[in-house]
Structure formats: structure tokens, C-alpha cells
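Trainee:
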Amino acid sequence: VAKSLLSPKSTAYPVLLGLRATEKAFILQPMFQANAAIVHIDLLPDVRHMAHASITAFSRLESISQTHDYMLALYQQLAVSPTSQAGYQRFFQELLNNPAQESVLFHCAAGKDRTGIATMLILEALEVARPQIYQDYLQTNQLRHAENTRLLAQAAAAGANAAQQAAFTIALQVDRRYLDRFYRTVE
3 VAKSLLSPKS TAYPVLLGLR ATEKAFILQP MFQANAAIVH IDLLPDVRHM AHASITAFSR
63 LESISQTHDY MLALYQQLAV SPTSQAGYQR FFQELLNNPA QESVLFHCAA GKDRTGIATM
123 LILEALEVAR PQIYQDYLQT NQLRHAENTR LLAQAAAAGA NAAQQAAFTI ALQVDRRYLD
183 RFYRTVE
């Protein structure tokens, strides 16, 4: 599933759904047609400190364990935050209101956490088996490898020390425990 999403047959996406903070919502738009309908859905406005994950944010964490804890808390917030719940509901409304033959591109900053949960919710709605959902989710690490390597080199060039780079490495990847946390929170 992930490969087909990353290898579109065309860049004709009449609808762009941005699942991130307003000021960063449509960084991808120039890559697609200018007349695309833009829909902004900020999933974490009530927990802004979690919505702006960056090397700066992760540099404040003192250990890899703290980074994992941060990511687990992020996934829990995506499950329990009323604005996240309303945002994912709106996400589904936008998908269901889209004409049957029209494509939709949805994204966040890295395409793995907010977008990963959105994809998981779609697959759940389609009754895809949970092991397949996990396989698709975890494939993100392979598909993002080159981009993550680039971002880590950028962080090192900007002066990030080894501990900061380790924290950022964790934050750039998905982990079965994160999806487990979301599922356990909603079930």
C-alpha cells in the first residue's frame, strides 16, 4: 500500500489535505497543479508543542528513552485529543465527499505520524487485517531511509551533537510501539 501511495501515476491531485499546522500546511502544493482544492486540517492545535517536532525540539530531550516517550505521547494525543478526533473525522468527510474518480493527496511533515494514523484509519475502515496495517506502517522506515539520511546529515552540519542526532534518528522513524499505543488508547 505504501509503495502505491509514494509512486503516483500522475501529479494530478485535485484535493490536497494538509494534516499539519497552518503555517506549514501546504509546502508540497507547488509540486502539484495550482488549481488543487486545499483543505487544511490541523490535528494538534491544542498540543502545539507536539505539532512542531524538529531537531530543535528533540535536542532538548536528554536520552533516546525520552524521545521514545515523546513519540508515544504524540500517538496517544492523536488518539485522545478532541481536535485530533475532529480532524480525523473531517479527513474522512473530505475523502467521502471527493468524487469517485478524483485523487487525494494527504500529508503532514514527514508522512509517518499524523499521515500514518490517517492511513491506518483508512485501512481499518476497509477492514484490512491488522498485521498488514503494521507491515505497511513499518515499511515507512525503508521508504524514508534516503530522506532520513539527508535530514540527519543536515542536522550534523548544523551542529547537532551525537545525542541530538540519536534523538532525531528515533523521531524520524516509526516504531511498532507507537502504533500499539494508538490502538491501546482507542480500544
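All you need for our numbering is the position in the sequence shown, starting with 1, plus 2. Note that CB positions come from ideal geometry on N, CA and C, so glycine has one too.
May I have the straight-line CA-CA distance separating L80 from A127, to the nearest angstrom?
Mentor: Within the sequence shown, the letter at position 78 stands for residue 80. Within the sequence shown, the letter at position 125 stands for residue 127. Distance between the alpha carbons of L80 and A127 is about 17 Å.
Trainee: Where do the ends of the alpha helix (DSSP H) carrying V17 lie?
Mentor: As a working note, residue 17 is residue 15 in the sequence shown. It is not in any alpha helix (DSSP H) - V17 instead sits in the beta strand (DSSP E) that spans V17 to G20.
Trainee: Roughly how many whole angstroms lie between the Cα atoms of A159 and A131?
Mentor: One-based indexing of the sequence shown puts residue 159 at position 157. One-based indexing of the sequence shown puts residue 131 at position 129. Looking at the two C-alpha atoms, the distance is approximately 42 Å.
Trainee: Given Q167, which residues of its chain have a CB within under 8 Å of its CB, disregarding the five upstream and five downstream residues?
Mentor: Counting from one through the sequence shown, the residue named residue 167 turns up at place 165. Within the same chain, and ignoring the five residues on either side of Q167 in sequence, the residues whose Cβ sits closer than 8 Å to its Cβ are L154, A157 and A158.
Trainee: Find the nearest neighbour of D177 within the set K114, N150, A162 and R186, judged by alpha-carbon distance.
Mentor: Counting from one through the sequence shown, the residue named residue 177 turns up at place 175. Of K114, N150, A162 and R186, the residue nearest in Cα terms is K114.
Trainee: Is the segment 101-119 in contact with the segment 134-149, if contact means three or more CB pairs nearer than 8 Å?
Mentor: The segment 101-119, when compared against the segment 134-149, does touch it at the 8 Å Cβ threshold.
Trainee: Would you mind reading off the limits of the beta strand (DSSP E) that contains A162?
Mentor: As a first step, residue 162 is located in the sequence shown; it is residue number 160 there, counting from the start. Note, A162: premise wrong, no beta strand (DSSP E); not H, not E.
Trainee: By DSSP, does L7 sit in helix, in strand, or in coil?
Mentor: Numbered from its first residue, the sequence shown carries residue 7 at position 5. Low confidence applies to L7: its pLDDT is 41, below 50, so where it sits in the model is not reliable, and the reading given next is rough at best. Three-state DSSP puts L7 in a helix.
Trainee: Note down, in chain order, each residue of its chain lying with its Cβ closer than 7 Å to the Cβ of T187, except the 5 sequence neighbours on either side.
Mentor: Working through the sequence shown from its first residue, we reach residue 187 at position 185. Hits under 7 Å: Q78, A81 and V82.
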